[in-house]
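Protein chains in written order, with full-length UniProt numbering: chain A, 1 to 638; chain B, 1 to 228. We put the CB at the ideal spot given by N, CA and C, even for glycine. Just so it is clear, the structure is predicted and the values come from calculations on it, not from any experiment.
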């Protein structure tokens with residue numbers, strides 16, 4: 001309040017004394033002070049209002065003290081608080097210091113450790129390098145082992161855990177690998193590792209040797225098994241490089257199968273099929289052709305299976321010719337049936353020899369042809385071998401037996417050839433012999449090349465027969481003999497001409513026929529001429545004296561008599577022919593004879609006619625004497 | 001016997017052997033000359049028609065592997081000459097045939113008329129289990145037909161034969177004839193009427209042991225229970 005009063009007084013002064021007065025300026029300043037805007041002042045006042053509650057004098061007087069007291073209190077409080085702070089800061093300082101110390105310590109220790117481990121690190125690094133190097137070496141070594149060595153399992157596969165361990169597909173894979181390794185050693189050699197290369201090669205050789213040895217033993221076993229493993233094919237391909245072992249296996253195969261084949265053959269011979277159907281082949285032994293045929297057919301039918309088995313066996317062999325090897329193997333296997341086959345067939349051939357009856361050459365020939373047929377057929381399968389040779393021998397033997405049987409039979413018949421009968425027909429012996437020939441030649445049905453035999457067969461039959469016929473005809477008169485021979489030759493000729501390939505013999509027989517025909521024709525012409533009375537004229541008209549009419553034999557009366565007889569002959573030409581010519585069996589021969597006779601007569605007539613009609617010969621009435629013109633006679637005769 | 005047979009059979013089946021089939025069946029083809037036996041065989045083995053087929057000399061041979069009920073079977077077929085002159089040879093090939101294909105020519109009645117004599121031969125010379133199949137060949141020449149299907153069918157039924165008309169030229173029914181025969185044989189094996197152990201049953205387990213015989217040969221199967 002007081003202050004406010006003073007201020008108002010002061011204002012007045014200021015205004016008056018202008019601004020020069022510092023007091024006024026001060027006052028002005030105070031007046032201009034905006035207390036509400038001064039925050040400090042406001043705060044101070046607020047604070048003041050908290051303890052200055054009573055505006056009393058006393059309190060006013062004490063205010064200063066009060067304020068100071070309060071100020072001291074605050075300061076004390078501050079000091080107190082600051083002390084705490086100081087203490088705290090001190091603590092912090094202490095801790096930081098100790099930390100620092102520790103850090104320094106640690107740093108020192110680290111430093112020490114670092115210096116200590118440097119050596120270690122160095123060592124580690126070098127070790128690591130070494131390890132890398134070793135790892136690489138290991139890789140190389142592993143690669144080497146893989147390329148040039150067998151694993152223990154592989155070795156076990158090759159060598160087999162036991163003696164009887166079976167061969168598996170892996171075996172061949174490993175075997176193949178040993179081969180590859182052996183081939184690969186050349187790279188080792190090229191790269192200068194001679195010693196290693198040789199060692200590897202040696203190892204592989206040992207391994208392969210053991211493997212092949214084992215494979216060989218296994219194959220031997222498989223050969224004996226009724227159902228060989230499919231691996232046998234591979235095994236044989238592998239064994240090729242050891243020809244000795246290969247051949248031993250093939251030999252074993254052949255031996256085992258030989259046994260089976262011959263057992264099967266004997267079973268078929270003696271036991272037949274299930275329950276006896278088909279019947280055992282030996283039951284057919286009474287029918288030699290059937291017996292021999294059945295045996296050979298059985299063998300023939302067994303061969304394709306053998307061939308196929310052998311083909312499968314050699315399928316993968318590349319060093320040999322599988323075709324040839326197969327043929328040889330089949331030939332080898334088929335050897336086993338040779339003995340039983342040979343004894344039985346030989347027995348058939350020989351037994352048959354003793355058998356009576358006319359059939360035996362035919363039967364032998366049939367058997368011989370069967371043997372030839374199967375010889376050719378089986379030769380196509382095995383291309384030689386003992387079986388083929390056996391069949392060939394048996395064929396030769398049977399053929400020889402056949403020829404000798406044929407010869408003996410023909411000679412038997414020929415020696416006892418019946419004398420010709422009155423009809424002059426071929427005797428039954430001739431017919432039988434020719435029937436035999438036909439039967440023999442038609443028996444060769446199955447052999448296409450049988451015609452080659454015909455020449456020999458025909459010679460065997462025909463030559464003795466012709467001799468026998470000629471001999472038997474020797475007791476006859478000329479005409480009878482000629483007729484008989486012609487009849488026989490006619491039959492011979494017609495039989496042979498059916499055989500086509502008997503040209504030479506046919507020519508020979510034709511020659512005989514011609515000769516006999518000539519003989520017969522001459523006889524006939526003579527006979528006719530005699531009976532016509534022209535026979536005596538004939539020599540004269542060939543060389544006529546002049547005049548002919550004066551010659552006693554050609555006297556007109558004789559000529560007339562001839563003419564009369566000729567007329568009779570023309571009316572019935574058969575009447576004057578030789579009676580024996582009617583016995584000729586061949587109409588062709590009879591016709592030939594007739595023609596020749598007619599020709600001879602006609603020529604005689606025409607000669608006589610010319611002479612009679614020739615005035616030189618002084619026949620009085622030639623036209624009445626020989627009224628017919630030669631051409632008429634000729635046409636009438638023929 | 002039956003039991004033993006089965007056992008053996010099983011054993012055989014277990015081991016595959018070096019051959020890619022389980023059985024061999026032996027066939028024979030019979031019939032008059034010129035009915036097309038060789039052409040049928042050629043059509044079956046080569047799947048081709050042989051136009052100018054020469055006459056067979058004696059016996060010829062062909063094979064083919066077929067499959068019946070999942071089993072590989074090798075057919076070993078013996079084609080015989082029809083000409084009379086070879087009869088002495090061809091007769092020996094009947095024995096041990098598992099199947100006989102009897103062929104006639106539908107355009108030539110005479111070939112059909114001779115069937116009964118062929119059948120007699122087949123019955124006499126084969127074993128009772130042999131499956132006989134009648135084939136009327138040249139079915140492509142229907143215009144020149146001389147034997148009706150029905151009468152041949154009747155003949156087949158009367159004689160218990162299987163029958164089909166086929167053409168070696170077109171190949172029609174050729175496969176069927178060979179396959180049906182094989183099926184029938186296989187069936188006979190399955191029901192045990194065909195004794196595999198016996199020699200010359202016409203069936204082999206692969207060509208290992210030709211005609212191996214088991215000594216216990218009994219089961220006399222009569223003709224009735226193997227009727228084809």
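Check your understanding: Just reading off the beta strand (DSSP E) that residue 102/B is part of, what are its end residues?
Key -> 99–105
Exercise for review: On a CA-only basis, which of 287/A, 41/A, 441/A, 362/A is nearest residue 347/A? Give me that one, please.
Suggested key: Selection 287/A, 41/A, 441/A, 362/A evaluated against residue 347/A yields 287/A as nearest (Cα-Cα).
Point to revise | 8 angstroms Cβ cutoff, residue 92/B in contact with chain A | key: yes
Check your understanding: With a cut-off of 8 angstroms, do at least 3 Cβ pairs link the region 39–52 of chain B to the region 158–177 of chain B?
Key -> Touching, yes, given that three or more Cβ pairs across the two stretches are closer than 8 angstroms.
Review point. Taking the alpha carbon of residue 484/A as the point to measure from, which residue in 427/A, 252/A, 626/A, 227/A has its own alpha carbon closest?
Key: The option with the nearest alpha carbon to residue 484/A is 427/A.
Exercise for review: Would you please state the rounded distance, in angstroms, between the beta carbons of residue 519/A and residue 482/A? I believe it to be under 8 angstroms.
Suggested key: 5 angstroms
**Study point:** Beta-carbon contacts of residue 20/A that lie in its chain and below 8 angstroms, excluding the five residues immediately before and after
**Key:** Excluding sequence neighbours, residue 20/A sits near nothing in its chain.
Review point. Of all the residues that make up the region 300–320 of chain A, which are near chain B by a beta-carbon distance shorter than 8 angstroms?
Key: 300, 301, 302, 304, 305, 306, 308, 309, 312, 313
Exercise for review: Please state if the CB of residue 506/A and the CB of residue 517/A are separated by a distance shorter than 8 angstroms.
Suggested key: Taking 8 angstroms as the Cβ cut-off, residue 517/A and residue 506/A do not qualify as a contacting pair.
Exercise for review: Specify the secondary structure class of residue 61/B as computed by DSSP and reduced to three states.
Suggested key: strand
**Study point:** Start and end residues, beta strand (DSSP E) containing residue 76/B
**Key:** Segment 71–80, the beta strand (DSSP E) holding residue 76/B.
**Study point:** When 128/B, 117/B, 183/B are compared against residue 66/B, the one with the closest alpha-carbon
**Key:** 183/B
Practice item. Figure out for me which residue from 309/A, 633/A, 280/A, 619/A has the closest Cα to the Cα of residue 568/A. Key: 633/A
Point to revise | Cα-Cα separation, residue 208/B to residue 323/A | key: Because the pLDDT at residue 208/B is just 41, under 50, the model does not fix this residue reliably, and the point stays unresolved.
Review point. Along chain A, which residues have their Cβ under 8 angstroms away from the Cβ of residue 141/B?
Key: Near residue 141/B there are no residues of chain A at all, since even the closest Cβ is about 30 angstroms away, more than 8 angstroms.
Review point. When DSSP labels each residue in this structure, what does residue 137/B get in the three-state scheme?
Key: Strand at residue 137/B.
Practice item. Answer yes or no: does any C-beta atom of chain B fall closer than 8 angstroms to that of residue 297/A? Key: yes
Exercise for review: Kindly give me the distance between the Cβ atoms of residue 641/A and residue 436/A, rounded to whole angstroms, as I take these residues to be in contact under 8 angstroms.
Suggested key: Not covered by the structure: residue 641/A. The range shown for chain A is 1 to 638.
Review point. On the three-state DSSP scale, how would you describe residue 31/B?
Key: strand
Exercise for review: Determine which residues of the region 478–512 of chain A have a Cβ less than 9 angstroms from any Cβ of chain B, and write them out in chain order.
Suggested key: none
Review point. Going by alpha carbons, who is nearest to residue 605/A out of 166/A, 65/A, 528/A, 80/A?
Key: 528/A
Practice item. Could you work out which residue in 32/B, 58/B, 136/B is closest to residue 176/B when comparing CA atoms only? Key: 136/B
**Study point:** Straight-line Cα distance separating residue 178/B from residue 315/A
**Key:** 28 angstroms
Check your understanding: Using a Cβ-Cβ distance under 8 angstroms, would residue 441/A count as near chain B?
Key -> no
Review point. Where does residue 1/A sit, in a helix, a strand or coil, going by DSSP?
Key: Residue confidence is low: residue 1/A scores 41 on pLDDT, short of 50, so the model does not pin down where it sits. Its coordinate-derived value is still stated next. In the three-state DSSP reduction, residue 1/A falls in the coil class, being neither helix nor strand.
Exercise for review: Please name the residue in 616/A, 238/A, 608/A, 620/A whose C-alpha comes closest to that of residue 628/A.
Suggested key: Selected option, being the one with the closest Cα: 608/A.
Exercise for review: Report the residues of the region 51–81 of chain B with a CB closer than 8 angstroms to any CB of chain A, ordered along the chain.
Suggested key: Those would be 57, 58, 59, 61, 63, 76, 78, in chain order.
Exercise for review: Using a Cβ-Cβ cut-off of less than 8 angstroms, give me the residues of the region 107–134 of chain B that come near chain A, in sequence order.
Suggested key: The region 107–134 of chain B vs chain A, Cβ under 8 angstroms: 125, 126, 127, 128, 129.
Practice item. Reducing DSSP to helix, strand and coil, say where residue 167/A ends up. Key: coil
Point to revise | Span of the alpha helix (DSSP H) around residue 439/A | key: 428–443
Check your understanding: Helix or strand or just coil, what does DSSP make of residue 164/B?
Key -> strand
Practice item. Step through the CB atoms of chain A and report whether any lies within less than 8 angstroms of the CB of residue 29/B. Key: Closer than 8 angstroms: no.
Exercise for review: Please name the residues in the region 364–379 of chain A whose beta-carbon is closer than 8 angstroms to at least one beta-carbon of chain B, in chain order.
Suggested key: 366, 370, 373, 377
Check your understanding: Hey, how far is the Cα of residue 358/A from the Cα of residue 586/A?
Key -> Bear in mind that the predicted position of residue 358/A carries a pLDDT of just 47, short of 50, making it unreliable; the figure below should be weighed with that in mind. If you take the alpha carbons of residue 358/A and residue 586/A, they lie about 29 angstroms apart.
Check your understanding: What do you get for residue 466/A, buried or exposed, if any count of 16 or more other CB atoms within 10 angstroms of its CB means buried?
Key -> buried
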